[in-house]
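Encoded as structure tokens, the structure appears first; notes follow it.
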């Protein structure tokens, strides 16, 4: 296909697909068009930057870009416009050799300045700068449905944030965006934030690294960091702390995310996260095969405070090859800091002593654990201490099958817990908990376990109203498969992608305790869930209707606030009570499909849809 015919094909496709909003001008750009062009379908602009800079392009406009390589840097010049490409493999912004960030929100842009559907490649603005792929400074920027690849530099340039950076009280949102193989000589191999707000929603960050700085994937300083439903894999800090994330004096929230195969090399700390000061809330996350010299997954010091809930730590390890002690296979917490871990499990984590000795806490050194399970963790038999935990406080927990069994706990305080080998303290027992490993090696109680109804009578009861069970997962029969997401949401007016998760209870019709929650929802919205027995993927009100009629609507409710950033802090919840499932004859062992719908004035249709999930009820 020659350039002329390709251009005509591109314009025809864009004209067919492009939604037209009232009061909005649409300008067209084609990399193969003769410059400069008029921005019309017949005579498109040849440059993205030229399209933005035209006086006729104003805030609220839409710039549609056809396939092709745009060898330029894109600066928004204070205009809240959307620049929309044809997909990450079709429309490429290549800033190689330009000595600039590939995309720039640096002129006081407000909400609405958006880059959508591009591959971003080769950005590097130079020594002592920030933001290779994207730079947001003193502005509000949104990057969605993009891929940021091979941006940044590792050559002693004191450069920060290979993939993206937000500074000077800016706000940057990355939604459904991947950051791959980005590098920085200084802090933040992929992402950097300082005195600003950074939000990641349904993103992936992988194979990024920093040569000398902190945070192989991400470094934040005096910032607000909000991460949801995202994945961080194979990121490395080669000569400093935070194999994946380093946070200093910041407010951090990480929910429903997966951090695996991240490493802090060269005898440094925090394989997945290193927190110095500030606060962190971590919920429903999985930490797997992360490693460092101290705190294989999580390291806290400098007065840091972290709350970790309903998370799973698997196969993380701490091993020092020089001056540190190889302590805290999963978590290491300094005496001046606080790690409060609740309803979480630790399986096969390991602390290995180095030349300085140590290896305290196969899973956890310092901090407190309430209603957690420690299973098959390990520390050195000769020099280690506390195969499960050391220098920690345990309540309502299980520590069993850790090696060496003779040193399950070291210098710990335990109460109302099941500790192999026994432990002094009120309510403690030392009986085989009858634990089995389920999906992702998550430990669960089996029928007849002595840990059922063995928790502190003063603790809140389990969901079924009975006395609290010991360990991370209260007994609720044979574990059911967790819901599987099969259909993505559209974005709210605040650029949040609502998604659906399960509550703590398994999907059993007989229990009536199973819940579905929609998160990343604007606060105070009216909405409901609907469910059925057949899936679909039908365009509907700006999103996808993912449950085929006939379906059942649940009663209307108003989204409540659960914390996080303004505009995405709400949630919906629906419990499948026994009375409800009986009234609607919900069948067991059959796929059920569910999705949430709610009103959202910020979208063109005035509504929004969450992702959809598929699950099966057991009896």
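Residue numbers (this note's numbering): 3 to 621. For glycine and all other residues, C-beta sits at the position ideal for the given N, C-alpha and C.
Quick check: the region 300-314 against the region 332-352, are there 3 or more CB pairs under 8 Å?
The answer is yes - the region 332-352 touches the region 300-314, with three or more Cβ pairs under 8 Å.
Would you grab the beta carbon distance between residue 205 and residue 180 for me? Rounded to a whole angstrom, and I think it's under 8 Å.
As a first step, residue 205 must be located in the chain shown, where it is residue number 203. As a first step, residue 180 must be located in the chain shown, where it is residue number 178. Rounded to the nearest angstrom, the Cβ distance from residue 205 to residue 180 is 7 Å, consistent with a contact under 8 Å.
List the residues that DSSP assigns as beta-bridge partners of residue 143.
In the chain shown, counting from the first residue as 1, residue 143 sits at position 141. DSSP, once it has assigned bridges, lists 174 as partnering residue 143.
What span of residues does the alpha helix (DSSP H) with residue 583 cover, start to end?
As a position in the chain shown, residue 583 is number 581, starting the count at 1. Start and end: 580-585.
Does the distance from the CB of residue 161 to the CB of residue 138 come in under 8 Å?
Translated into positions along the chain shown, residue 161 becomes position 159. Translated into positions along the chain shown, residue 138 becomes position 136. At the C-beta level, residue 161 and residue 138 stay beyond 8 Å of one another.
Classification of residue 622 by the beta-carbon crowding that lies within 10 angstroms, buried from 16 upward:
Nothing can be reported for residue 622: it is not among the residues displayed for the chain, which extend from 3 to 621.
In whole angstroms, what is the alpha-carbon distance linking residue 365 and residue 452?
Your numbering for residue 365 matches position 363 in the chain shown. Your numbering for residue 452 matches position 450 in the chain shown. Between residue 365 and residue 452, the C-alpha separation is close to 23 Å.
Just to check my reading of the structure: residue 549 and residue 614 have Cβ atoms closer than 8 Å, yes? What is that Cβ distance to the nearest angstrom?
Position 547 of the chain shown holds residue 549. Position 612 of the chain shown holds residue 614. Indeed they touch by this definition, with Cβ atoms about 6 Å apart.
Roughly how many angstroms separate the alpha carbons of residue 237 and residue 490, rounded to a whole number?
On the chain shown, residue 237 is found 235 positions in, with the first residue counted as 1. On the chain shown, residue 490 is found 488 positions in, with the first residue counted as 1. It is roughly 26 Å from the alpha-carbon of residue 237 to the alpha-carbon of residue 490.
What runs of the beta strand (DSSP E), each 3 residues or longer, lie entirely inside the region 163-238?
Complete beta strand (DSSP E) runs here, min 3: 166-169, 173-177, 180-182, 193-196, 199-203, 206-208, 220-223, 226-230, 233-235.
Below 8 Å between beta carbons: does that hold for residue 222 and residue 252?
As a working mapping, residue 222 is identified with position 220 in the chain shown. As a working mapping, residue 252 is identified with position 250 in the chain shown. With a cutoff of 8 Å on beta-carbon distance, residue 222 and residue 252 are scored as near each other.
With 16 other Cβ atoms within 10 Å as the buried cut-off, status of residue 327:
One-based indexing of the chain shown puts residue 327 at position 325. So residue 327 counts as buried.
Give the single residue among 323, 606, 607, 523 whose Cα lies nearest to the Cα of residue 597.
Position 595 of the chain shown holds residue 597. Out of 323, 606, 607, 523, the CA that lies nearest to the CA of residue 597 is found in 523.
Using the C-alpha atoms, what's the distance from residue 82 back to residue 376?
Taking the chain shown and counting its residues from 1, one reaches residue 376 at position 374. Taking the chain shown and counting its residues from 1, one reaches residue 82 at position 80. C-alpha separation (whole angstroms): 51 Å.
May I have the straight-line CA-CA distance separating residue 486 from residue 132, to the nearest angstrom?
The sequence position of residue 486 within the chain shown is 484, counting from 1. The sequence position of residue 132 within the chain shown is 130, counting from 1. Computed Cα separation, rounded: 38 Å.
Given that a residue counts as buried once 16 or more other Cβ atoms are within 10 Å of its Cβ, and exposed if not, what is residue 603?
As a first step, residue 603 is located in the chain shown; it is residue number 601 there, counting from the start. Exposed, by the Cβ-count rule.
Using the Cβ count rule (16 or more neighbours within 10 Å means buried), how would you classify residue 129?
Counting from 1 along the chain shown, the entry for residue 129 is found at position 127. Exposed.
Residue ranges of each beta strand (DSSP E) within the region 488-560, 3 or longer
The qualifying runs are 501-504, 517-523, 528-534, 537-542, 545-549.
Could you give the first and the last residue of the continuous alpha helix (DSSP H) run that contains residue 55?
As a working note, residue 55 is residue 53 in the chain shown. Where residue 55 is concerned, the enclosing alpha helix (DSSP H) starts and stops at 50-55.
Residues of its chain near residue 114, where Cβ-Cβ distance is below 6 Å and the 5 sequence neighbours each way are ignored
The residue given as residue 114 occupies position 112 in the chain shown. Hits under 6 Å: 82.
For my contact list, residue 276 and residue 216 are in at a C-beta cut-off of 8 Å; report their separation, rounded to the angstrom.
For the purposes of this step, residue 276 is taken as residue 274 along the chain shown, with counting starting at 1. For the purposes of this step, residue 216 is taken as residue 214 along the chain shown, with counting starting at 1. Indeed, because the Cβ distance is near 7 Å, the residues count as touching under 8 Å.
C-alpha distance - residue 301 paired with residue 355, whole-angstrom precision:
The count along the chain shown starts at 1 and reaches residue 301 at position 299. The count along the chain shown starts at 1 and reaches residue 355 at position 353. One C-alpha to the other measures close to 17 Å.
By a C-beta neighbour count over all protein chains shown, 10 Å radius and 16 as the cutoff for buried, is residue 623 buried or exposed?
Shown here, the chain extends from 3 to 621; a query on residue 623 therefore has no answer.
Where does residue 370 fall in DSSP's three states?
Here residue 370 corresponds to residue number 368 of the chain shown, with the count starting at 1. Here residue 370 sits in strand by DSSP.
If you draw a straight line from the C-alpha of residue 124 to the C-alpha of residue 256, how long is it?
Here residue 124 refers to the residue found at position 122 of the chain shown. Here residue 256 refers to the residue found at position 254 of the chain shown. Put simply, the backbone Cα of residue 124 is about 29 Å away from that of residue 256.
For residue 54, which residues in the same chain have their Cβ closer than 8 Å to its Cβ, ignoring the five residues on either side in sequence?
Counting from one through the chain shown, the residue named residue 54 turns up at place 52. For residue 54, where only same-chain residues beyond five positions count, the Cβ hits under 8 Å are 65, 76, 77, 78, 79, 81, 83, 85.
Report the option in 509, 294, 519, 289 whose CA atom is closest to the CA atom of residue 562.
Here the question's residue 562 lines up with position 560 in the chain shown. Cα-wise, what sits closest to residue 562 is 519.
Taking all protein chains shown into account, do 16 or more other C-beta atoms lie within 10 angstroms of the C-beta of residue 428, making it buried, or fewer, making it exposed?
Position 426 of the chain shown holds residue 428. By the neighbour-count rule (16 or more Cβ atoms within 10 Å), residue 428 is not buried but exposed.
Let me know the beta strand (DSSP E) ranges lying completely inside the region 429-492, each 3 residues or longer, listed in chain order.
Segments of the beta strand (DSSP E) lying fully in the region 429-492: 437-439, 445-447, 486-489.
When you compare only the Cα positions, how much space is there between residue 294 and residue 397?
Residue numbering aside, residue 294 sits at position 292 when the chain shown is read from its first letter. Residue numbering aside, residue 397 sits at position 395 when the chain shown is read from its first letter. Distance from the CA of residue 294 to the CA of residue 397, rounded to the nearest whole angstrom, comes to 27 Å.
Do you know offhand how far residue 540's Cα is from residue 117's?
Sequence index remark: in the chain shown, residue 540 carries index 538 (1-based). Sequence index remark: in the chain shown, residue 117 carries index 115 (1-based). Going from the Cα of residue 540 to the Cα of residue 117 covers about 26 Å.
Round the Cβ separation of residue 145 and residue 193 to the nearest angstrom and send it over; I've been treating them as touching at under 8 Å.
In the chain shown, the residue the question calls residue 145 occupies position 143. In the chain shown, the residue the question calls residue 193 occupies position 191. Their Cβ separation, rounded to whole angstroms, is 11 Å, which puts residue 145 and residue 193 out of contact at 8 Å.
Is residue 529 closer than 8 Å to residue 601 when the C-beta atoms are compared?
As a first step, residue 601 is located in the chain shown; it is residue number 599 there, counting from the start. As a first step, residue 529 is located in the chain shown; it is residue number 527 there, counting from the start. In this structure, residue 529 lies closer than 8 Å to residue 601 by Cβ.
Decide if residue 38 is buried, meaning its Cβ has at least 16 other Cβ atoms within 10 Å, or exposed.
Position 36 of the chain shown, counted from the first residue, corresponds to residue 38. An exposed status is given to residue 38, since fewer than 16 other beta-carbon atoms sit within 10 Å of its beta-carbon.
Can we count residue 274 as close to the ligand GDP, meaning its CB is less than 7 Å from some heavy atom?
In the structure on display, the ligand GDP does not appear, and there are no ligands present to speak of.
For residue 577 versus residue 595, is the C-beta distance shorter than 8 Å?
Here residue 577 refers to the residue found at position 575 when the chain shown is read from its first residue. Here residue 595 refers to the residue found at position 593 when the chain shown is read from its first residue. In this structure, residue 595 does not lie closer than 8 Å to residue 577 by Cβ.
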